[in-house]
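For reference, the structure discussed in these notes is given below.
There are 2 protein chains.
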Amino acid sequence: MAGIEQLAQNAHFGGVIRKYSSQSKALGGLKTQFNVFLPKEALDGDKVPVLYYLAGLTCTEDTAPWKGGFMRDAAAEGIAIVFPDTSPRGAGIEGEEKDWDFGTAAGFYLNATKDPWSKHYNMYDFVTSELPSFLSSLSLPLDLSRSSIFGHSMGGHGALTLYFKSLLASSPATAYLSASAFAPITNPTQCPWGEKAFSGYLDGGVEEGKQYDATELVKQVKGKEVKVLVDVGTGDQFYQQKQLLPENFIAARDAAGFSSKDIEVNLHENYDHSYYFISTFAPAHVKFHAKILKAAPSKL
Amino acid sequence: MAGIEQLAQNAHFGGVIRKYSSQSKALGGLKTQFNVFLPKEALDGDKVPVLYYLAGLTCTEDTAPWKGGFMRDAAAEGIAIVFPDTSPRGAGIEGEEKDWDFGTAAGFYLNATKDPWSKHYNMYDFVTSELPSFLSSLSLPLDLSRSSIFGHSMGGHGALTLYFKSLLASSPATAYLSASAFAPITNPTQCPWGEKAFSGYLDGGVEEGKQYDATELVKQVKGKEVKVLVDVGTGDQFYQQKQLLPENFIAARDAAGFSSKDIEVNLHENYDHSYYFISTFAPAHVKFHAKILKAAPSKL
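Residue numbers (the numbering used here), protein chains in the order written: chain P, 24 to 323; chain X, 24 to 323.
Below, the structure written as structure tokens:
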């Protein structure tokens, strides 16, 4: 497709990881980069299922490919992983680069409604709609009808909320089959990171942010078939600082009548917020999604 | 031990990775940092075998723990991995920071003999002698009598040369049981990187550098029991630029009468010089060493 440029390709676990750059409408015309891991099966021509990974604050599209340890299992399972960036870059908004938890690399996977952010900060639309359309136009050997999503911290928030919102939509741009998260921000309307992001990006502030809050959304998907896995370390400083609030998410899950088989939340002693934690539980997450993705009938 | 400071600890694959800082005599009194991965067995009190990893040009003690993908297998096998830095830092020598392939992060795992480098640039002594003494003084649950070594690029050169030199020494500071390398510089006296390093660090220049050249040393270990694994990607730009020269190493191996069972050298189509390549073959390397280390009798 004209406009999507391949910047790099590296052989990796029998497949390849490719880096692309494209101008994005959702991000107000800015260029954005993303990585795609294609397993050997895809290179051989099979249309393979797709797992999206959303990274956390301060990260880029490269952080998880480098540090996550996901591709060994993705290769073994024959699934692709797609890694977008964490925000638009270079919008030129005053203060955009000032904080590590707002603006650049902190897009929070929402659609901003407040000026001057609303023109560019639309990672929700980018991930759910424009990114899959990029993958389609590249004619990559992907079965986009079988997609799941996972992420870390802010990206764990993104994965859970995009998944729940797709279950609630009558015709979602992407209908994810499962979601998982490492140390997600599960109740952003109740924690400092989320309050700052929603107040900054949304005209309606924290109240408007409820539609992007996994603990709010889990109540709304009551009765639906839900497939979620969450891991959190109790040595995580942000867990300890009440930024993640899995206890609120668990309470909402229980109140909505979901079992820990529907929504499994595990707390792990000593593990922290770093990629040393993520990579430890990476195999379990990739296998969790692969099992669901590979069992699902293709809608191609 | 007074003088060795623990800077961090992260839970990782059921064990921990610890970062230490210490003043080093070999490095002229400068502080240096290193990481140690201890598997669960070590935390439970077992003395586990030790694998040293030497990183390449531009890297630090953190590069491989973050990107290498080694710990999943180290944890499964119950072995420790120790990650030193790639050079002294902050010696204050003019030009030290000028080039990416000489000076800082380019210590080449030798003992410099040329002023002004000889006071600080002694990574050979640091890795073979002082670093193990640090590990001893920390009373870590390590069996230092069962040690092996591996590395990447400049660090692959380091791993091969330290191993061959240990086989040749009557009483080596560390007697490594095996060595392996990803994309090593196997014949540094014949390539630009090695010529620059040896001319810069050694009074006797490239001629003196022959003692740090794996292709020279493999001839000298003729007749000994040798356990070496090497992987190189043919898509590696530095292979293509004749910096790695595995063809010279293979020819010297063959001439010395070693089989590919003694010294296995594999060329892999398309793979490049990056950690995408390293992490792909990481499991095989860790398992190669673990098998040898765990079969060896302890000399504790």
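Beta carbons are placed, not taken as given, at the ideal position from N, Cα and C, and that holds for glycine. In this text, all values refer to a predicted model and were calculated from it rather than measured experimentally.
Report task. Starting from H328 (chain X), follow its DSSP beta bridges and name the residues at the other end. Result -> Nothing about residue 328 (chain X) can be read from this structure; chain X reaches only from 24 to 323.
Requested in this report: Compare the Cα-Cα distances from N210 (chain X) to each of X:V251, X:N145, X:G130 and X:I273 and report the closest residue.
Outcome: In terms of Cα proximity to N210 (chain X), the closest of X:V251, X:N145, X:G130 and X:I273 is X:I273.
Requested in this report: Quick one: give me the first and last residue of the beta strand (DSSP E) that H35 (chain X) is part of.
Outcome: First-last of the beta strand (DSSP E) with H35 (chain X): I27 to H35.
Query raised in the report: Which residues share a DSSP beta bridge with A129 (chain X)?
Result: According to DSSP, which records beta bridges pairwise, A129 (chain X) is partnered with X:G126.
Requested in this report: Determine the contact status of G256 (chain X) and H308 (chain X), defining contact as a CB-CB distance below 8 Å.
Outcome: Cβ atoms of G256 (chain X) and H308 (chain X): not closer than 8 Å.
Query raised in the report: Are G258 (chain X) and H175 (chain X) touching if we call contact CB-CB under 8 Å?
Result: Not in contact: G258 (chain X) and H175 (chain X) (Cβ atoms no closer than 8 Å).
**Report entry** C-alpha distance - G130 (chain P) paired with P111 (chain P), whole-angstrom precision
**Finding:** So the alpha carbons of these two residues sit roughly 7 Å apart.
Query raised in the report: What did DSSP end up calling A182 (chain X) once you bin it into helix, strand or coil?
Result: Helix.
Report task. On a CA-only basis, which of X:P195, X:L167, X:A182 and X:A87 is nearest A319 (chain X)? Give me that one, please. Result -> Checked all of X:P195, X:L167, X:A182 and X:A87; the closest Cα to A319 (chain X) is X:L167.
Requested in this report: Take the Cβ of D278 (chain P) as the centre, count every other Cβ of all protein chains shown within 10 Å, and call the residue buried at 16 or more, exposed below.
Outcome: Contrary to the premise, residue 278 (chain P) reads as Ala rather than Asp in this sequence. With fewer than 16 Cβ atoms within 10 Å of its Cβ, A278 (chain P) is classed as exposed.
Report task. Compile a chain-ordered list of the residues in the region 286 to 297 of chain P whose CB is closer than 9 Å to at least one CB of chain X. Result -> Result list: H291, E292, N293, Y294, D295 and S297.
Query raised in the report: Quick one: which chain P residues come within Cβ less than 7 Å of A87 (chain X)?
Result: The contacting residues do not exist; A87 (chain X) stays about 11 Å from chain P at best.
Query raised in the report: Would you say the region 47 to 60 of chain P touches the region 135 to 144 of chain P, given that touching needs at least three Cβ pairs under 8 Å?
Result: Counting Cβ pairs under 8 Å, three or more are found: they touch.
Query raised in the report: Taking buried to mean at least 16 other C-beta atoms within 10 Å of its own C-beta, is M24 (chain P) buried or exposed?
Result: For M24 (chain P), the pLDDT reaches just 47, beneath the cut-off of 50, and the residue's location in the model is therefore unreliable, although a value from the coordinates is still provided. M24 (chain P) is exposed by the Cβ-count criterion.
Report task. Please decide whether M24 (chain X) counts as near chain P, where near means a Cβ-Cβ distance under 8 Å. Result -> At M24 (chain X) the pLDDT is 47, less than 50, meaning the model places this residue with poor confidence; the figure from the coordinates comes in the next sentence. It does not: the Cβ of M24 (chain X) has no partner Cβ on chain P nearer than 8 Å.
Query raised in the report: Does the beta carbon of Y144 (chain X) come closer than 8 Å to any beta carbon on chain P?
Result: Not one beta carbon of chain P lies nearer than 8 Å to the beta carbon of Y144 (chain X).
Query raised in the report: Within 8 Å (strictly less), CB to CB, does H308 (chain P) reach chain X?
Result: Look at H308 (chain P): its C-beta is not under 8 Å from any C-beta on chain X.
Requested in this report: Report buried or exposed for A98 (chain P), applying the criterion of at least 16 other Cβ atoms within 10 angstroms of its Cβ.
Outcome: Answer is buried; the Cβ neighbour count reaches 16.
Report task. Compare the C-alpha of I208 (chain P) against each of P:W89, P:Y75, P:I116 and P:Y235 and name the closest. Result -> Nearest of P:W89, P:Y75, P:I116 and P:Y235 to I208 (chain P), Cα basis: P:Y235.
Query raised in the report: Could you give the distance in angstroms between the alpha-carbon of Y132 (chain P) and the alpha-carbon of F93 (chain X)?
Result: Straight-line Cα distance between these residues: approximately 32 Å.
Report task. Anything in the region 99 to 120 of chain X with a Cβ closer than 7 Å to a Cβ of chain P? List those residues in chain order, please. Result -> Flagged: no residues at all.
Query raised in the report: Does DSSP put A318 (chain X) in a helix, a strand or coil?
Result: In the structure shown, A318 (chain X) sits in a helix (DSSP, three-state: H, G or I).
Query - Chain-ordered neighbours of H35 (chain X) on chain P, where CB pairs are closer than 7 Å - result: Ordered by position in chain P, the residues that pass the 7 Å Cβ test against H35 (chain X) are Y299 and T303.
Query raised in the report: Comparing alpha-carbon positions, which option in P:Y224, P:A305 and P:S45 lies nearest E119 (chain P)?
Result: With distances taken between Cα atoms, E119 (chain P) lies closest to P:Y224.
Query raised in the report: Thinking just about the alpha-carbon of each residue, which of P:I315, P:L161 and P:V249 is nearest to the one in K42 (chain P)?
Result: K42 (chain P) has its Cα closest to that of P:L161, out of P:I315, P:L161 and P:V249.
Report task. Taking only beta carbons into account, state which residues of the region 195 to 215 of chain X come closer than 7 Å to chain P, listed in chain order. Result -> Result list empty, no residue passes.
Query raised in the report: For D295 (chain P), does the count of other Cβ atoms within 10 angstroms reach 16, so buried, or fall short, so exposed?
Result: By the neighbour-count rule (16 or more Cβ atoms within 10 Å), D295 (chain P) is buried.
Requested in this report: Determine whether the Cβ of G174 (chain X) lies closer than 8 Å to any Cβ atom of chain P.
Outcome: Residue contact check for G174 (chain X) against chain P: no CB pair falls below 8 Å.
Query raised in the report: Who are the Cβ neighbours of N33 (chain P) in its own chain at under 6 Å, not counting the five residues just before and after it?
Result: Counting only Cβ-Cβ distances below 6 Å, and skipping sequence neighbours, we find I40.
Report task. Would you identify the three-state DSSP class for M24 (chain P), choosing helix, strand or coil? Result -> For M24 (chain P), the predicted model reports a pLDDT of 47, less than 50, meaning its position is unreliable and no value from the coordinates is stated.
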